[in-house]
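Protein chains: 2
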Amino acid sequence: MTTPWQHRFAQRTQRMTSSAIRELLKLTERPDIISFGGGLPAPEAFPVDEIRAAADAVLARKGSTALQYSTTEGCLRLREAIVVQMARYGIVVTVDNIIITSGSQQALDLIGKVLINPGDRILTETPSYLGALQAFTMFGADYVSVPCDDDGMRTELLEDALRVGPKFMYLLPNFQNPSGVTLALPRRWDLVRLSDRYGIPLVEDDPYGQLRYEGEHIKPLVVIDAELRHAEDDGCYSGNVIYLSTFSKTLAPGLRLGWVVAPRAVIERLVQAKQGSDLHTSTFVQMVAAEAIDRGVLDRNVKRVRELYRRRRDVMLAALERAFPDPDMGVGWTRPQGGLFLWVRLPHGLDSLQLLTEAIEQRVAFVPGAPFHPDGSGANTLRLNFSHADEAHIDEGIARLGRVVVRQLERMGRVPARA
Amino acid sequence: MTTPWQHRFAQRTQRMTSSAIRELLKLTERPDIISFGGGLPAPEAFPVDEIRAAADAVLARKGSTALQYSTTEGCLRLREAIVVQMARYGIVVTVDNIIITSGSQQALDLIGKVLINPGDRILTETPSYLGALQAFTMFGADYVSVPCDDDGMRTELLEDALRVGPKFMYLLPNFQNPSGVTLALPRRWDLVRLSDRYGIPLVEDDPYGQLRYEGEHIKPLVVIDAELRHAEDDGCYSGNVIYLSTFSKTLAPGLRLGWVVAPRAVIERLVQAKQGSDLHTSTFVQMVAAEAIDRGVLDRNVKRVRELYRRRRDVMLAALERAFPDPDMGVGWTRPQGGLFLWVRLPHGLDSLQLLTEAIEQRVAFVPGAPFHPDGSGANTLRLNFSHADEAHIDEGIARLGRVVVRQLERMGRVPARA
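Keeping their order, the protein sequence lines are chains P and D. The first sequence begins at 4 in our numbering and counts up one residue at a time. The second sequence begins at 4 in our numbering and counts up one residue at a time.
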């Protein structure tokens with residue numbers, strides 16, 4: 004049953020998926036390993052009792068609706084709650100601009116299904132989110148990628164990349180996965196203006212936007228785009244940006260609930276694609292989330308999660324300072340203002356996949372950076388998650404990892420061997 | 004943003020989807036209309052209180068697991084429960100032969116993603132399930148279709164159709180959607196033998212298998228295939244059939260839970276595809292279903308649903324006898340032994356889409372048969388659902404529909420106009 008398509012699929016995704024992420028997720032489950040590998044939220048941050056009460060109320064009051072089929076675009080009450088949420092961030096839309104998805108991974112899949120033809124090029128940041136590359140690659144996407152610095156995508160390099168005619172641009176402007184960097188405001192304006200000039204849509208993936216631990220909120224691309232075009236009077240968005248977000252990091256990932264904000268015509272196409280994909284997202288889960296939001300669970304939990312992850316980020320940054328070699332050894336890392344991840348750059352010549360083997364022997368894990376690079380670079384980078392392990396384990400895990408890095412550098416003759 | 008792919012997609016699926024099913028589903032919601040249109044289970048058949056208890060137990064005892072990410076192939080406990088369920092029908096498999104999907108619609112989508120290249124031909128029954136045609140068409144499928152009679156696909160016509168080299172065969176052997184017919188045992192053997200001889204896999208879609216109201220259970224294709232090959236000793240299935248089913252008709256569709264049984268190598272590819280599609284199905288919902296099954300909810304509910312739908316089917320058949328024109332007027336219908344649907348054939352020249360317009364004026368609805376025909380035929384057919392409306396509404400709705408049909412035939416000069 005092997006076909007040219009499957010062959011290409013196997014070549015491209017098996018390498019990225021099976022070998023790196025999937026195997027690592029398995030290791031995450033070994034209880035003796037301190038894992039900074041996955042992107043798991045802290046289970047102690049889940050509002051279990053409050054979701055339990057919401058689920059009970061939904062089944063008690065509207066059980067047969069919650070267990071029945073429902074419309075593909077998603078339950079009205081949940082879309083209304085999202086309209087309110089979005090408005091807080093300046094994103095002015097109506098329920099017709101929203102489709103509920105089974106996590107934002109499904110949003111990426113539906114976008115791929117509707118927009119990508121085999122051979123189309125997608126413009127991404129380098130590095131970019133692995134799950135998006137996986138989703139798009141399934142539909143035969145190729146990539147053109149633009150490097151980042153501490154202010155996100157280097158938009159001064161963007162216009163050259165746009166001239167190759169990408170189908171759309173895909174970015175995570177806030178606390179990017181994997182790098183943790185945030186796209187600066189002037190660069191957001193560059194992006195939106197160039198998107199407009201070249202007629203190339205922007206896919207803005209924003210799973211972490213609510214999880215800012217310091218600094219000022221920066222306008223999303225979708226808001227800048229609406230400002231550029233003077234949004235229509237009916238409040239229905241009709242611009243150039245497809246915006247995605249999720250409840251996975253603010254409420255709970257096990258619900259599998261995300262959403263897309265886009266012009267009505269795009270939503271209609273996504274609805275058609277979703278109808279063929281899974282008919283609709285679980286009615287029950289949507290109603291539980293809507294009920295929880297109405298009860299204020301989401302707002303309370305976002306505050307709680309921010310506090311928890313801010314502390315864990317700080318613990319990880321302090322541990323890195325203590326345990327890792329000096330910057331003049333060619334080792335550096337990002338200082339994210341939010342989100343779940345930070346990004347370590349090692350000296351050239353040091354391969355993080357090799358490092359991982361040794362790290363696992365020392366019972367600590369991370370994700371090697373290469374699979375996040377659609378251009379095949381990044382062998383000397385790695386991603387650390389700071390949301391899942393508790394503070395003591397972060398301390399201990401980074402100490403172990405630091406020793407592994409120092410040992411590798413010693414072998415390369417980069418630091419004086421310790422006595 | 005219109006591309007050749009999207010153009011084709013628009014041409015093929017918009018016609019099928021928007022105009023027929025989606026618009027009709029909207030009408031279903033109008034409370035004054037008696038709808039035999041959708042495929043909705045009876046809400047009074049949902050075990051609401053029992054699912055409420057199961058959900059509460061899951062969140063009380065394992066809340067943080069239920070709300071966390073989980074593996075793509077699905078929760079082990081649910082896959083174990085499915086292994087036990089499958090064994091009752093002679094389907095001997097291990098958990099490695101199973102992937103949990105977000106409803107069986109997602110199984111169809113994943114099969115399309117893994118197996119179909121644009122232009123590939125899929126062999127189907129005529130008529131066939133609209134949701135499958137929709138899912139496969141998204142990946143650029145074309146169709147070769149084989150007509151059915153009261154014993155299902157006419158397998159004496161199959162070999163000619165196989166010579167055009169379809170990628171796989173797609174069938175619903177039990178109480179087919181839309182026709183309600185069941186594939187006879189000798190034909191199942193024909194199919195499996197031809198599948199083996201031509202090396203063309205069979206996709207066996209079995210959402211209604213447990214809902215048999217009379218007659219003897221007939222072996223699934225996957226069991227016949229295993230018998231043909233003498234299944235391996237380790238109990239892990241490795242044959243030519245990909246089998247799908249769902250909890251949507253036996254437990255509740257709002258959960259969105261289905262599964263695939265297939266050889267391990269196929270499951271691995273489906274897992275990769277699902278990882279890009281939605282990472283995994285809701286952990287919470289999977290654990291609630293597993294808990295409910297452990298508590299005996301599924302078995303009790305299947306018995307309840309069988310009783311309820313058997314009566315409704317009988318009421319509909321009796322009402323059709325009373326209200327519809329005689330068979331010698333060219334009107335006939337199937338007598339399904341299970342499932343949710345029966346199928347009406349009208350005299351040639353009578354268009355069921357036209358009929359629908361008039362039916363809606365009389366406040367009764369159904370699904371026109373043409374969209375279920377990949378070959379463009381079937382204008383004189385329609386599908387009736389007997390699971391959703393209660394007995395009094397079935398009686399009244401069929402009486403209304405009968406009057407509409409009689410009037411149409413009168414206009415065609417087929418029956419003497421009544422005084």
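Here a beta-carbon is modelled for each residue, glycine too, at the ideal position from N, C-alpha and C. Computed from a prediction, not measured in an experiment: that's the story for all the values here.
How big is the Cα-Cα spacing for residue i and residue j?
i: residue 405 of chain D; j: residue 397 of chain D; result: 12 Å
i: residue 39 of chain P; j: residue 362 of chain P; result: 11 Å
i: residue 305 of chain P; j: residue 394 of chain P; result: 19 Å
i: residue 324 of chain D; j: residue 277 of chain D; result: 46 Å
i: residue 402 of chain D; j: residue 326 of chain D; result: 5 Å
i: residue 314 of chain D; j: residue 209 of chain D; result: 22 Å
i: residue 301 of chain P; j: residue 251 of chain P; result: 11 Å
i: residue 110 of chain D; j: residue 183 of chain D; result: 21 Å
i: residue 316 of chain D; j: residue 331 of chain D; result: 23 Å
i: residue 320 of chain D; j: residue 229 of chain D; result: 37 Å
i: residue 409 of chain D; j: residue 328 of chain D; result: 7 Å
i: residue 125 of chain P; j: residue 399 of chain P; result: 40 Å
i: residue 354 of chain P; j: residue 133 of chain P; result: 19 Å
i: residue 233 of chain P; j: residue 241 of chain P; result: 10 Å
i: residue 21 of chain D; j: residue 37 of chain P; result: Here residue 21 of chain D scores only 49 on pLDDT, less than 50, and its place in the model should not be relied on; the value that follows carries that caveat. Near 51 Å, if we compare the C-alpha coordinates of residue 37 of chain P and residue 21 of chain D.
i: residue 224 of chain D; j: residue 90 of chain D; result: 14 Å
i: residue 1 of chain D; j: residue 176 of chain P; result: Since the first residue of chain D shown is 4 and the last is 422, residue 1 of chain D is not available in this structure.
i: residue 60 of chain D; j: residue 42 of chain P; result: 27 Å
i: residue 413 of chain D; j: residue 407 of chain D; result: 10 Å
i: residue 386 of chain P; j: residue 312 of chain P; result: 16 Å
i: residue 231 of chain P; j: residue 197 of chain P; result: 12 Å
i: residue 272 of chain P; j: residue 352 of chain P; result: 46 Å
i: residue 92 of chain P; j: residue 222 of chain P; result: 8 Å
i: residue 88 of chain D; j: residue 260 of chain P; result: 29 Å
Would you say residue i reaches chain P, if we count a Cβ-Cβ gap shorter than 8 Å as a contact?
i: residue 252 of chain D; result: no
i: residue 138 of chain D; result: yes
i: residue 63 of chain D; result: yes
i: residue 257 of chain D; result: yes
i: residue 286 of chain D; result: yes
i: residue 267 of chain D; result: no
i: residue 70 of chain D; result: yes
i: residue 46 of chain D; result: yes
i: residue 38 of chain D; result: no
i: residue 276 of chain D; result: yes
Contact criterion: CB-CB distance below 8 Å. Does residue i meet it with respect to chain D?
i: residue 73 of chain P; result: yes
i: residue 249 of chain P; result: no
i: residue 80 of chain P; result: no
i: residue 197 of chain P; result: no
i: residue 228 of chain P; result: no
i: residue 344 of chain P; result: no
i: residue 305 of chain P; result: no
i: residue 263 of chain P; result: no
i: residue 295 of chain P; result: no
i: residue 112 of chain P; result: yes
What residues from chain P crowd round residue i, counting only those whose CB sits closer than 8 Å?
i: residue 369 of chain D; result: Near residue 369 of chain D there are no residues of chain P at all, since even the closest Cβ is about 17 Å away, more than 8 Å.
i: residue 43 of chain D; result: 71 and 72
Let me check you understand the geometry: is the CB of residue i closer than 7 Å to at least one non-hydrogen atom of the ligand MG?
i: residue 59 of chain P; result: With respect to the ligand MG, the structure offers nothing, as it holds no ligand at all.
Quick one: which chain D residues come within Cβ less than 9 Å of residue i?
i: residue 122 of chain P; result: The contacting residues do not exist; residue 122 of chain P stays about 11 Å from chain D at best.
i: residue 109 of chain P; result: 105, 280, 281 and 282
i: residue 51 of chain P; result: 62, 63, 66, 67, 69 and 70
i: residue 392 of chain P; result: Simply none; closest approach about 14 Å.
For a contact meaning CB atoms closer than 8 Å, what does residue i contact in chain D?
i: residue 116 of chain P; result: 141
Check the Cβ of residue i against every Cβ in chain P and list those closer than 7 Å, keeping chain order.
i: residue 59 of chain D; result: 55 and 59
Looking at the strands, I want to know which residues DSSP matches up with residue i.
i: residue 101 of chain P; result: P:264
Using a C-beta cutoff of 8 Å, does residue i count as contacting chain B?
i: residue 400 of chain P; result: Here chain B cannot be found, since the structure's protein chains are P and D.
TODO: Would you list, in sequence order, the uninterrupted alpha helix (DSSP H) runs of no fewer than 4 residues that lie entirely inside the region 341-387 of chain P?
DONE: 355-364
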